[in-house]
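Residue numbers (the working numbering), protein chains in the order written: chain A, 1 to 110; chain B, 1 to 112.
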């Protein structure tokens with residue numbers, strides 16, 4: 001069974017703090033993605049990766065960094081968290097055409 | 001860039017009634033079109049995809065036809081069930097299919 005897991009599932013952070021969201025996949029997919037989900041905006045792509053060591057900017061990368069140290073792991077980093085980054089974040093892995101999503105991380109920045 | 005526009009929700013229906021969620025898209029290339037579904041507390045999952053113009057995709061009683069001329073890909077189901085309550089996303093992908101552009105999602109609530 002394909003599996004994408006995320007940690008933590010819930011996170012409360014303070015403005016200006018550093019936040020790291022982690023994602024692990026056992027699908028052996030080359031491509032991994034980070035999205036945020038907000039009412040009225042749907043799913044928006046933040047960063048993605050074609051494989052270990054690569055990261056690419058998505059549609060809304062400002063304020064976020066990404067790291068892909070291995071095939072299985074892909075992290076999203078908020079160096080200086082702001083309240084506007086309060087959202088639900090989804091990681092996904094995929095090959096051609098289909099993406100498999102994790103369960104999401106709910107991040108609240110106070 | 002690419003864009004996808006779909007029915008604004010929430011949509012509330014009674015069990016046994018029919019559903020249509022409108023989706024239209026803009027792209028300069030030849031896309032593959034998708035419907036994803038997100039159940040409460042879960043991540044989105046693929047409902048079905050249609051790579052070719054004028055073809056139909058279907059799954060779990062849902063179907064949609066890729067209308068290239070109208071640039072539309074409306075989701076339909078003849079008789080909804082309470083278990084269909086979820087958020088439905090229309091999406092497209094160009095080229096090799098590595099990136100998806102999603103619509104804003106349509107929340108469906110089916111009353112028993």
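Just so it is clear, CB atoms sit at the ideal spot from N, CA and C, and this is done for glycine as well.
Under 7 Å from the C-beta of residue i: neighbouring residues of chain A
i            : result
residue 89/B : 42, 43
residue 46/B : 98
residue 93/B : 97
Contacts that residue i makes with chain B (C-beta to C-beta distance below 9 Å)
i             : result
residue 103/A : 41, 42, 43
residue 48/A  : 98, 99
Chain-ordered chain A contacts of residue i [CB-CB under 8 Å]
i             : result
residue 103/B : 42
residue 7/B   : The premise fails here: residue 7/B is roughly 12 Å from chain A at the closest Cβ pair, so nothing lies under 8 Å.
residue 27/B  : Within 8 Å Cβ-Cβ: nothing; residue 27/B doesn't reach chain A, min ~14 Å.
residue 32/B  : 97
Per DSSP, the bridge partner or partners of residue i
i             : result
residue 88/A  : 37/A, 106/A
residue 12/A  : 108/A
residue 56/A  : 48/A
residue 12/B  : 109/B
residue 100/B : 93/B
residue 21/A  : 76/A
residue 100/A : 93/A
residue 66/A  : 76/A
Contact set between residue i and chain B, taken where Cβ atoms lie within less than 7 Å
i            : result
residue 71/A : Ordered by position in chain B, no residue passes the 7 Å Cβ test against residue 71/A, which lies about 16 Å from the chain.
residue 99/A : 100
residue 31/A : 98
Residue of the options minimising C-alpha distance to residue i
i             : options                 : result
residue 15/A  : 42/A, 35/A, 84/A, 7/A   : 84/A
residue 78/B  : 62/B, 67/B, 87/B        : 62/B
residue 74/B  : 12/B, 40/B, 92/B, 1/B   : 92/B
residue 51/B  : 34/B, 9/B, 106/B        : 34/B
residue 35/A  : 53/A, 77/A, 109/A       : 77/A
residue 54/B  : 12/B, 71/B, 48/B        : 71/B
residue 29/A  : 50/A, 105/A, 7/A, 104/A : 50/A
residue 87/B  : 39/B, 18/B, 69/B        : 39/B
residue 76/B  : 19/B, 109/B, 48/B       : 19/B
residue 3/A   : 24/A, 13/A, 42/A        : 24/A
residue 105/B : 7/B, 3/B, 98/B          : 7/B
residue 31/A  : 73/A, 103/A, 82/A, 7/A  : 73/A
residue 85/B  : 101/B, 109/B, 49/B      : 109/B
residue 27/B  : 5/B, 89/B, 60/B, 58/B   : 5/B
residue 103/A : 92/A, 75/A, 57/A        : 92/A
residue 80/B  : 56/B, 103/B, 89/B, 60/B : 60/B
Cutoff 6 Å; reference residue i; Cβ partners in own chain excluding five residues on either side
i            : result
residue 29/B : 94
residue 70/A : 52
residue 38/A : 87
residue 95/A : 29
residue 48/A : 33, 56, 58
residue 24/B : 5, 71, 72
Beta-carbon proximity list for residue i, same chain, < 7 Å, skipping 5 on both sides
i             : result
residue 79/A  : 18, 65
residue 41/B  : none
residue 36/B  : 44, 45, 46, 47, 89, 91
residue 100/A : 2, 4, 27, 92, 93, 94
Proximal residues of chain A, C-beta to C-beta of residue i below 9 Å
i            : result
residue 49/B : 97, 98
Where residue i meets chain B, residues with beta-carbon distance less than 8 Å
i            : result
residue 89/A : By Cβ distance, chain B contributes nothing, its closest Cβ being about 10 Å from residue 89/A, past 8 Å.
Same chain, Cβ closer than 8 Å to residue i, neighbours up to 5 away in sequence not counted
i             : result
residue 111/B : 12, 13, 14, 15, 82
residue 60/A  : 36, 44, 45, 46
residue 11/A  : 19, 21, 105, 106, 107, 108
residue 110/A : 12, 13, 14, 15, 83
Complete runs of the beta strand (DSSP E) confined to the segment 26–92 of chain B [at least 3 residues]:
Runs of the beta strand (DSSP E) inside the segment 26–92 of chain B: 32–38, 45–50, 56–59, 62–65, 75–77.
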